[in-house]
């Protein structure tokens, strides 16, 4: 690996991209063609590489599996462009890097949705999908009505769960809200995930994004 890094450091970004170890990291070359910064890609593969102007982040975990964070700007959030319902603001992701997060003022129809091409995930791995959320100090409505979590798997099976979100569990920290699990199998199809609710007013939720990562042994 040290030799490979040394050689790549002498190449231009475009030349280095041609030498990337696609077999070592699944679809590495296809993924990093959208990297915001193409320098030192191999050195950053475990700490995280931002893609598409920080709309997504890619990394490889300790098991060698691809992981992704889909930031809020790449999710479909109902009414998120209407300033009376949502605000957008920067939030620190890691180091000195900021990403945009969506801050809910108040809505009576909540819908945060995303989908992902499973071909970019490592094959035959049990993955989980979760929204990364926090709550403002002053939130409203969450104890009075349930929201739904929906997962659509690549094999066309689905799952849905009704839950109460407890604001106290989310205030002051980013927390995972796991939607469900699926197996990437032969890396075909798409996975979809939704947080949805209606008929009640909610406020105070902050959405950072959605994460796709392998299920840790003992946690499935």
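Residue numbers (my numbering): 100 to 319.
Built from N, CA and C at the ideal position, the CB exists for glycine as well.
Bear in mind the structure is a predicted one, so any value in this text is a computation, not a measurement.
State the Cα-Cα distance for the pair residue 150 and residue 264, rounded to the nearest angstrom.
As a first step, residue 150 is located in the chain shown; it is residue number 51 there, counting from the start. As a first step, residue 264 is located in the chain shown; it is residue number 165 there, counting from the start. Using only the alpha carbons, I get a separation of about 31 Å.
Report buried or exposed for residue 129, applying the criterion of at least 16 other Cβ atoms within 10 angstroms of its Cβ.
Mapped onto the chain shown, residue 129 falls at position 30. So residue 129 ends up on the exposed side.
Can you tell me which of the three DSSP states residue 209 falls into?
Residue mapping note: residue 209 aligns to position 110 of the chain shown, counting from 1. The answer is strand: DSSP assigns residue 209 an E or B state.
Over the uninterrupted alpha helix (DSSP H) stretch that includes residue 192, give me the two end residues.
The residue given as residue 192 occupies position 93 in the chain shown. Looking at the DSSP string, residue 192 is not in any alpha helix (DSSP H); the run it does join, the beta strand (DSSP E), is 185 to 193.
So the alpha helix (DSSP H) residue 131 belongs to, where does it begin and stop?
Residue numbering aside, residue 131 sits at position 32 when the chain shown is read from its first letter. It spans 127 to 131 - the alpha helix (DSSP H) in which residue 131 sits, taken as one unbroken run.
Counting C-beta neighbours from all protein chains within 10 Å, is the total for residue 108 16 or more, i.e. buried, or is it exposed?
Looking up residue 108 in the chain shown gives position 9. Here the model assigns residue 108 a pLDDT of 43, short of 50, so the residue's position is not dependable, and the following value carries that caveat. Exposed, because fewer than 16 other Cβ atoms sit within 10 Å of the Cβ of residue 108.
Below 8 Å on the Cβ atoms is my guess for residue 221 versus residue 296; work out the distance and round it to an integer in Å.
As a first step, residue 221 must be located in the chain shown, where it is residue number 122. As a first step, residue 296 must be located in the chain shown, where it is residue number 197. So it is not a contact: roughly 33 Å between Cβ atoms.
I'd like the list of long-range same chain contacts for residue 302, defined as Cβ closer than 7 Å, with 5 residues on each side in sequence excluded.
By 1-based counting over the chain shown, the position of residue 302 is 203. If we look at residue 302 and ignore the five residues flanking it on each side, its Cβ neighbours are 203, 204, 205, 238, 239 and 240.
The beta strand (DSSP E) spanning residue 266 covers which residue range?
Counting from one through the chain shown, the residue named residue 266 turns up at place 167. Unbroken run through residue 266 is the alpha helix (DSSP H), 266 to 269; no beta strand (DSSP E).
Check residue 290 in the structure and name its three-state DSSP category.
Residue numbering aside, residue 290 sits at position 191 when the chain shown is read from its first letter. Strand.
Considering just the uninterrupted stretch of the beta strand (DSSP E) at residue 240, what are its terminal residues?
Here residue 240 refers to the residue found at position 141 of the chain shown. No beta strand (DSSP E) contains residue 240, which DSSP labels as neither H nor E.
Suppose contacts are defined by Cβ-Cβ distances below 9 Å. Is residue 166 in contact with residue 313 by that definition?
Locating residue 166 in the chain shown gives position 67, where the first residue counts as 1. Locating residue 313 in the chain shown gives position 214, where the first residue counts as 1. Contact flag set, yes.
How do the region 139 to 158 and the region 191 to 198 stand: do at least 3 beta-carbon pairs fall below 8 Å, yes or no?
In short, these stretches touch, since the Cβ pair count reaches three.
Kindly list the residues whose CB is nearer than 6 Å to the CB of residue 282, restricted to its own chain and excluding five residues on each side of it in sequence; keep chain order.
Locating residue 282 in the chain shown gives position 183, counting from the first residue. The residues are 225.
Which stretch, first to last residue, makes up the beta strand (DSSP E) that contains residue 124?
Along the chain shown, read from residue 1 onward, the residue named residue 124 stands at position 25. Segment: none, residue 124 is in no beta strand (DSSP E) and carries neither H nor E.
Using CA atoms only, rank isn't needed, just tell me which of 311, 289 and 285 is closest to residue 324.
With the chain running from 100 to 319 in the structure shown, residue 324 is simply not present.
In whole angstroms, what separates the C-alpha of residue 272 from that of residue 208?
Along the chain shown, read from residue 1 onward, the residue named residue 272 stands at position 173. Along the chain shown, read from residue 1 onward, the residue named residue 208 stands at position 109. Taking the straight line from one Cα to the other gives about 24 Å.
So, does the CB of residue 140 fall closer than 9 Å to a CB anywhere in chain D?
Here there is only one protein chain, and chain D is not present.
Taking the beta strand (DSSP E) that residue 246 falls in, what are its first and last residues?
Here residue 246 refers to the residue found at position 147 of the chain shown. It spans 246 to 251 - the beta strand (DSSP E) in which residue 246 sits, taken as one unbroken run.
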